[in-house]
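Asks: Under my numbering, think of the first position of the sequence shown as 258, with each following residue one higher. Glycine included, each C-beta is placed from N, C-alpha and C at the ideal position. Below are the structure tokens for one structure; questions will follow.
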Amino acid sequence: MEAVEMNSVSLKRPRSEDDVANADEIKRQKILEKSKAGNDSGESIETITEQPKDLKSEIIPNEESEEQEEEDLEDSDEDGDPESFADMMKHGLTESDVGITKFVSSHKGFSGILKERYSDFVVHEIGKDGRVSHLDDFSVPVDDEDPSEETFTVLSDEDKQRLEELQLFKNKETSVAIEVIEDTKEKRTIIHQAVKSLFPGLETKTEDRDGKKYIIAYHAAGKKALANPRKHSWPKSRGSYCHFILYKENKDTMDAINVLSKFLRVKPNIFSYMGTKDKRAITVQEIAVLRITAQRLAHLNKCLMNFKLGNFSYKNHPLKLGELQGNHFTVVLRNITGTDDQIEQAMHSLREIGFINYYGMQRFGTTAVPTYQIGRAILQNNWNEVMDLILKPRPGAEKGYLVKCREEWAKTKDPAAALKKLPVKRCVEGQLLRGLLKYGMKNIISAFGIIPRNNRLMYIHSYQSYVWNNMVSKRIEEYGLRAVPGDLILKGATAVHIEEGDVDNYTIHDVVMPLPGFDVIYPKHKIGEAYKEMLVTDNLDINNMRHKIRDYSLSGAYRKIIIRPQNVNWEVVAYDDPKIPLFTTDLDKLEGKPLPVLPTDGKFRALKMEFSLPPSTYATMAIREVLKMDTSIKNQTQLNTTWLR
């Protein structure tokens, strides 16, 4: 098998400058948000191309509580630069900038549109037992100890508002009194149950006041009560965790959990999951929550948009990041131009050979300052450079308030003045400025430490990914798609070199390459030296990847260079209406929606494809191999800006 050099293939025909300007503002907002950090878990699902419809600006989730005022600001359109969207993105990254340069297949590429609608991209999680997660049951486990349905309706909206403010310490009141209008023991019991189940951390008692009965709600254990759901109210015979399937549309996992926690009035950290899923897709995954009943969760189906919860069960354990076996993807590529032979060749190659397991573009950001550059500066212990890269003015797609903040920083180097230009303080820039304000300009390390740990580690993981991509391209260029002496393979969790006499026992699918770190070994051929040379160029020592700050010490890891997807299936379908769905989702099936009726000879053709991937692989890199195109936003906006007609 011979590796094939990458040739960029346009997804769509170029459009005029007038066309670019018309869709500029709405697309601008989408890319601004995509430029933020990707998923650290590695289960990234990236957007190859976006169409103006369906788009809403994304909010970067934060571990701390979020103010509605800031959410509104992030969702609002900023006053935009008049330059065209393509002009804004000319400073962004292309695949070759991050080492993505090779293909493994020899077929001729063709064009198509991915995620023309977010419903064209469906992800089903594969659990550690190998089962694919599906939403197919809304029923609630029967439990005699569950409160009655009236529990959810007995409190007025005003009562709920007052109780929530009490629960979250938003006012100076120490209790809330609820008058019992129809005074019976049964009615009082229902109100007691409603307060305790809907507002964890509050206790209740009954009091007589002026001849009337009142239920008094109050804090039982101070502020700690909110963080720890009540133990004594949970039946011992029931598992402590309610597991359920979360079906979500056009929301990322952390946003979804933040919404659920707000509706349930609990802290987000009582939820657990095996992996994060992308926003612009329909995704189905398992979630576990501590001591929240299935009944309460099911009740949310009546009031949540773009979410459905089901398949409830009680278990004694939470979920852990990384426990999953992977994800199953159902993808529609619309408006394809390939011949039937091209499509057959491409899909057979994907099934039989696979694709290069590159880290996708989402790993590196889309602005003029790639995340790997910040990671490199952290590893170099160059904290002034870290601060400068995050805060300095940068060309390209930026929100108006960020542009003003950066300009103020460049002019004054005053964190307080720059922070005043920033209405949304929970972005990385705002967090760093707050840190500089708190610790001073001479203690950048502590200031940077204010940024949540996962966000900080994202930068150095991005640098590792950048090195890995470049080295894998060099490896394939040098040795092609065969195992050679000096390559690395895994025996259990241990990496060993392939010896000359054993080379025929292995294929390219066995070969792994290291992410740089202090606990890995490197290939014993030219690529081992190439790793050292690349790090020397970056003023890093490959033999000393420990950092004086433990969090930033890289132990390294191994990653297969070729991934062969499992359960690969495909079908070409014709259609006339670009808005019509081309397959049924779990929710469609539950709601009894019929399969879409498609013409036998429509105006357009679409490729429906299904495949399963292990964790930490990028679906867009598989699709890139099929279409033979550059998946970077920069390339698409420069070359392709109207949909095929």
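Could you tell me whether the Cβ atoms of Arg651 and Val626 are closer together than 7 Å?
Replies: Their beta carbons are under 7 Å apart, which means Arg651 touches Val626 by this criterion.
Asks: Between the Cα of Gln424 and those of Gln450, Leu864 and Glu460, spot the shortest distance and give me the residue it belongs to.
Replies: Looking at the Cα atoms, Glu460 is the closest of the given residues.
Asks: Looking only at C-alpha atoms, which of Glu422, Tyr504 and Glu464 sits nearest to His476?
Replies: Of Glu422, Tyr504 and Glu464, the residue nearest in Cα terms is Glu422.
Asks: By the three-class DSSP mapping on this structure, what secondary structure does Phe456 have?
Replies: Three-state result, Phe456: coil.
Asks: Might you give, ordered along the chain, the residues of its own chain that have their beta carbon closer than 8 Å to the beta carbon of Leu792, omitting 5 neighbours on each side?
Replies: Taken in chain order, the residues that qualify are Val724, Pro773, Asp798 and Ile799.
Asks: Can you tell me whether DSSP reads Asp332 as helix, strand or coil?
Replies: Its pLDDT being 39, under 50, Asp332 is placed unreliably by the model, and the measurement read from it follows with that caveat. In this structure, Asp332 counts as helix in the three-state DSSP scheme.
Asks: Could you check which residue in Thr857, Leu870 and Asp467 has the C-alpha nearest to that of Val825?
Replies: Here the closest residue by C-alpha is Leu870.
Asks: DSSP state of Cys499, grouped into three classes?
Replies: Strand at Cys499.
Asks: Hey, Ile818 and Val729: beta-carbon distance below 7 Å or not?
Replies: Result yes, Cβ atoms of Ile818 and Val729 sit closer than 7 Å.
Asks: Considering only the alpha carbon of each residue, which of Asn727, Thr624, Ile370 and Met878 lies closest to Pro822?
Replies: Checking every option, the nearest Cα to that of Pro822 belongs to Met878.
Asks: How many Å lie between Gly468 and Lys444 at the Cα?
Replies: C-alpha separation (whole angstroms): 17 Å.
Asks: Is DSSP giving Ala831 helix, strand or coil here?
Replies: The answer is strand: DSSP assigns Ala831 an E or B state.
Asks: Per DSSP, Tyr720 is paired with what?
Replies: BP columns for Tyr720 are empty, so no partner.
Asks: Relative to the alpha-carbon of Ala750, which residue among Asp744, Val769, Val452 and Val380 has its alpha-carbon at the smallest distance?
Replies: Of the listed residues, the one whose Cα sits closest to Ala750 is Val769.
Asks: Determine, using beta carbons only, whether Val411 and Ile383 come nearer to each other than 7 Å.
Replies: Not in contact: Val411 and Ile383 (Cβ atoms no closer than 7 Å).
Asks: Are Ala673 and Leu648 closer than 7 Å when you measure CB to CB?
Replies: Taking 7 Å as the Cβ cut-off, Ala673 and Leu648 do not qualify as a contacting pair.
Asks: Which term fits Ile746, buried or exposed, when burial requires 16 or more other beta carbons within 10 angstroms of its beta carbon?
Replies: Classification of Ile746: buried, given that the 10 Å Cβ count is 16 or more.
Asks: If contacts are defined as beta-carbon pairs under 8 Å, then His544 and Leu503 qualify, I think. What distance do you get, rounded to the angstrom?
Replies: Looking at the sequence provided, one finds Ile at residue 544 rather than His. Confirmed, about 5 Å.
Asks: For His574, I'd like the list of residues in its chain whose CB is within less than 7 Å of its CB, leaving aside the five on either flank, ordered along the chain.
Replies: Same-chain partners within the cutoff: Tyr498.
Asks: Rounded to whole angstroms, what's the CA-CA distance from Ile702 to Trp640? Just pull it up for me.
Replies: When rounded, the distance between both Cα atoms is 7 Å.
Asks: Apart from the five residues on each side of it in sequence, which residues of its chain come closer than 6 Å, Cβ to Cβ, to Pro205?
Replies: The structure shown does not extend to residue 205, since the chain spans only 258 to 902, so no value can be given for it.
Asks: Would you call the CB atoms of Gly813 and Pro771 closer than 7 Å?
Replies: Yes.
Asks: Mapping the DSSP letters down to three states, classify Lys534 as helix, strand or coil.
Replies: The answer is coil: DSSP assigns Lys534 none of H, G, I, E or B.
Asks: Would you call the CB atoms of His585 and Val883 closer than 7 Å?
Replies: No, the pair does not count as a contact, with Cβ atoms beyond the cut-off.
Asks: DSSP on Gln542, reduced to helix/strand/coil?
Replies: DSSP places Gln542 in strand when its eight states are reduced to three.
Asks: Please name the residue in Asp377, Leu420, Val437 and Leu578 whose C-alpha comes closest to that of Glu430.
Replies: That would be Leu420, whose Cα lies nearest to the Cα of Glu430.
Asks: Got a sec, what are the start and stop residues for the beta strand (DSSP E) Thr841 sits in?
Replies: Note, Thr841: premise wrong, no beta strand (DSSP E); not H, not E.
Asks: Can you find at least 3 beta carbon pairs, one from the region 359-378 and one from the region 580-599, that sit closer than 8 Å?
Replies: With a cut-off of 8 Å, the region 580-599 and the region 359-378 count as touching, because enough Cβ pairs lie within range.
Asks: Got a sec, what are the start and stop residues for the alpha helix (DSSP H) Leu607 sits in?
Replies: Asp597 to Glu609 is the extent of the alpha helix (DSSP H) around Leu607.
Asks: Between the Cα of Asp858 and those of Arg803, Met511, Val760 and Val829, spot the shortest distance and give me the residue it belongs to.
Replies: The option with the nearest alpha carbon to Asp858 is Val829.
Asks: Tell me His476's beta-bridge partners as DSSP assigns them.
Replies: Answer is Leu459.
Asks: State the CB to CB distance for the pair Asp512 and Lys534, rounded to an integer number of angstroms; the pair is presumed to be in contact (CB under 8 Å).
Replies: In fact, because the Cβ distance is near 11 Å, the residues do not count as touching under 8 Å.
Asks: On the DSSP letters alone, give me the boundaries of the alpha helix (DSSP H) that Arg419 sits inside.
Replies: Note, Arg419: alpha helix (DSSP H), Asp414 to Gln424.
Asks: Rounding to the nearest angstrom, what Cα-Cα distance links Glu328 and Pro398 in this structure?
Replies: Confidence at Glu328 is low in this model, with a pLDDT of 41, below 50, so the placement of that residue should be treated as unreliable; the coordinate-derived value is given next. One C-alpha to the other measures close to 36 Å.
Asks: Is Gln582 helix, strand or coil by DSSP?
Replies: Gln582 falls in the coil class under three-state DSSP.
Asks: If contacts are defined as beta-carbon pairs under 8 Å, then Phe906 and Leu557 qualify, I think. What distance do you get, rounded to the angstrom?
Replies: No answer is possible for residue 906: it lies beyond the span of the chain, which begins at 258 and ends at 902.
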